[in-house]
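Trainee: First residue of the sequence shown: 275, per our numbering; consecutive thereafter.
The C-beta atom is built at its ideal place from N, Cα and C for all residues, glycine as well.
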Amino acid sequence: MNSYVVIMAGGSGERFWPLSRMKRPKQLLKLTSPDITMLEEAIARVEPLIPLERILIITSEVLRQPIIDALPKLPPNNVIAEPSKRNTAPCLALACSVIDQREGGDALMAVLTADHFIGNARAFRNDVSTALTYAETHDALVTMGIPPTRPETGYGYINVAERIAEGEVSRVAAFKEKPNFETAREYVLSGRYVWNSGMFFWRTNTLRDAMFALLPDVGKKIEVMAASIAAGDRGSLAATFAEMPDISIDYGIMERAKNVFVVPASFPWDDVGSWDALERMQPLDDHRNVVQGESVVIDSEGSVIVNAHSGSHVVTTIGIEDLVVVVTNDATLICPKDRAQDVKKIVTTLRAEGRRDVL
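(1) So the beta strand (DSSP E) Lys450 belongs to, where does it begin and stop?
(2) Does the pairing of the region 459-471 with the region 424-432 give three or more beta-carbon distances under 8 Å?
(3) Where do the ends of the alpha helix (DSSP H) carrying Met312 lie?
(4) Since I believe Arg482 is in contact with Ile503 (beta carbons under 8 Å), could you give me their beta-carbon distance rounded to a whole number of angstroms?
(5) Can you name the start and end residues of the alpha helix (DSSP H) that Ala384 belongs to?
(6) Let me know the alpha helix (DSSP H) ranges lying completely inside the region 476-533, each 4 residues or longer, listed in chain order.
(7) Measure from the alpha carbon of Leu302 to the alpha carbon of each residue in Phe398, Lys611 and Ala283, then state which is nearest.
(8) Any contact between the region 584-591 and the region 522-531? By contact I mean 3 or more CB pairs, one from each, below 8 Å.
(9) Going by beta-carbon coordinates alone, are Asp389 and Val546 separated by less than 7 Å?
(10) For the alpha helix (DSSP H) containing Gln375, list its first residue and its last residue.
(11) Among the residues of its own chain, which have a CB less than 7 Å from the CB of Asp573, if the five just before and after it don't count?
(12) When you compare each of Ile373, Ala369 and Thr387 to Glu314 by their alpha carbons, which one comes out closest?
(13) Between the Cα of Met275 and those of Ile324, Ala435 and Val446, spot the shortest distance and give me the residue it belongs to.
(14) Can you tell me the Cα-Cα spacing of Val571 and Ile608, whole angstroms?
(15) Does the separation of the CB atoms of Val601 and Val578 fall below 7 Å?
(16) For Thr606, report the span of its beta strand (DSSP E) as first-last.
(17) Helix, strand or coil for Val336? Go by DSSP, reduced to three states.
(18) Per DSSP, Trp549 is paired with what?
(19) Measure the C-alpha to C-alpha separation of Pro340 and Gly378 and round it to an integer number of angstroms.
(20) By a C-beta neighbour count over all protein chains shown, 10 Å radius and 16 as the cutoff for buried, is Pro453 buried or exposed?
(21) On the DSSP letters alone, give me the boundaries of the alpha helix (DSSP H) that Leu323 sits inside.
(22) Distance, Cα to Cα, Asp491 vs Gly567?
(23) I need the straight-line Cα distance from Asn400 to Leu330, nearest angstrom please.
(24) Hey, would you say Ala484 sits closer than 7 Å to Ile527, going by beta carbons?
(25) With the cut-off set at 7 Å, would you say Met555 and Thr311 are in Cβ contact?
(26) Measuring straight from C-alpha to C-alpha, what distance separates Arg562 and Arg376?
(27) Within 10 Å of its beta-carbon, does Ser464 have 16 or more other beta-carbons around it, so buried, or fewer, so exposed?
(28) Let me confirm a value: Thr404 is counted as buried when at least 16 other C-beta atoms fall within 10 Å, else exposed. Which label applies?
(29) Give the C-beta separation of Phe475 and Leu406 to the nearest angstrom, bearing in mind that I take them to be a contact with Cβ-Cβ under 8 Å.
(30) For Leu415 and Glu529, I'd like the C-alpha separation in whole angstroms.
(31) Assuming Gly287 and Lys300 form a contact by the criterion Cβ under 8 Å, report the distance between their Cβ atoms to the nearest whole angstrom.
(32) Here's the rule I'm using: 16 or more other beta-carbon atoms within 10 Å means buried, otherwise exposed. How should Phe455 be labelled?
(33) If you follow the alpha helix (DSSP H) that Ser464 is in, where does it begin and where does it stop?
(34) Express the C-alpha separation of Ser540 and Pro357 in angstroms, rounding to a whole number.
(35) What whole-angstrom Cβ distance do Asp550 and Lys611 have, given they're in contact under 8 Å?
(36) If you run the structure through DSSP and keep just helix, strand and coil, what is Tyr278?
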């Protein structure tokens, strides 16, 4: 049975403004590596397992061509644009339709993201292999759980049916929404919870069956979309896609299905959600600063300082503490590090003011 990788790469990455823009969002930036973009990293991690011709990128219409241009070795028809903005359940139904049309039968699907930090590619591939093997041999919807390293309130959690050791596959007892700090602390201390990574593994037939049972308004469209893809009828595909409800795979399937299992990850992981995340994965100087680009930093502590200006522009700081400072050719961001999640509000304000020139 052939295996496919589906990399979801349609996000806007607004919390990484001003570096992240509409046509060059987070996944097309070199945030976690000085040499390649996050999307290129995502492909390089999994390519030793699955060849490029079976790696699919699901993105938006506006990003399809920039991604094709950025990935010259990937077959252009492997970059799939969602006809309209929907959530992850319709997105993955579309991916299932593409694979069905190509395979003409059942196949394995690994659903990964384009914008996560993964600290050990070899361990990651081992865990992916474990999840795919289980999905191939069982009627199972498998997810990857990240053993928590801190009481994190920004992630969802998975309650496992029993304690799990490295490499073991366990049944999921429940999915939990993002908790408050005290609840997150209880989760971590119990040893029975892992972070929800948003990575999934299943056979296309298993996903289709789950969608027919739990999301029939999505499941019934898979064969219809596959026929439209085979006929090259983009208009029919767009019309069918627009009829599907805007719902996530978590809410629609994973939280309701009975055949959900989890593999505990054995690699360092971060969802790289905002600028402050860089200090968890980038080298720090002697004063706990992340410094990228030409900068002069004096008496400054615990800050993230990024100079992405393309000219001979120097960023200087003196006496700052716990700030984010990001400079590009046309915009500068300065905010407290603990407000990094709120950068999205700046993007919303700029959009409302008609400042598309800096978005």
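Mentor: Well, looking at it:
(1) Ser444 to Lys450
(2) Contact check between the region 459-471 and the region 424-432: three or more CB pairs, one atom from each, fall below 8 Å, which counts as touching.
(3) Met312 to Val320
(4) Cβ atoms of Ile503 and Arg482 stay farther apart than 8 Å, at about 15 Å.
(5) Where Ala384 is concerned, there is no enclosing alpha helix (DSSP H), although the beta strand (DSSP E) around it starts and stops at Leu382 to Thr387.
(6) Entirely contained in the region 476-533, the alpha helix (DSSP H) runs reaching 4 residues are, in chain order, 478-488, 490-493, 495-505 and 508-516.
(7) Ala283
(8) Output reads no: the region 522-531 does not touch the region 584-591.
(9) Result yes, Cβ atoms of Asp389 and Val546 sit closer than 7 Å.
(10) Membership of Gln375 in the alpha helix (DSSP H) is indicated by the continuous run Thr362 to Glu377.
(11) The answer, listed in chain order, is Ile592 and Gly593.
(12) Thr387
(13) Ile324
(14) Across the structure, Val571 and Ile608 are spaced so that their CA atoms are roughly 15 Å apart.
(15) no
(16) Thr606 to Pro610
(17) In the structure shown, Val336 sits in a helix (DSSP, three-state: H, G or I).
(18) Residue pairing from DSSP leaves Trp549 without any beta-bridge partner.
(19) 30 Å
(20) buried
(21) That residue, Leu323, is in no alpha helix (DSSP H); it is neither H nor E in DSSP.
(22) 49 Å
(23) 20 Å
(24) With contacts defined by Cβ atoms closer than 7 Å, Ala484 and Ile527 form a contacting pair.
(25) The criterion of a C-beta distance shorter than 7 Å is not satisfied by Met555 and Thr311.
(26) If I take the Cα positions, the gap works out to 50 Å.
(27) exposed
(28) buried
(29) 5 Å
(30) 11 Å
(31) 3 Å
(32) exposed
(33) The continuous alpha helix (DSSP H) containing Ser464 extends over residues Phe455 to Ser464.
(34) 36 Å
(35) Yes, Asp550 and Lys611 are in contact; Cβ-Cβ is about 5 Å, under 8 Å.
(36) Three-state DSSP puts Tyr278 in a strand.
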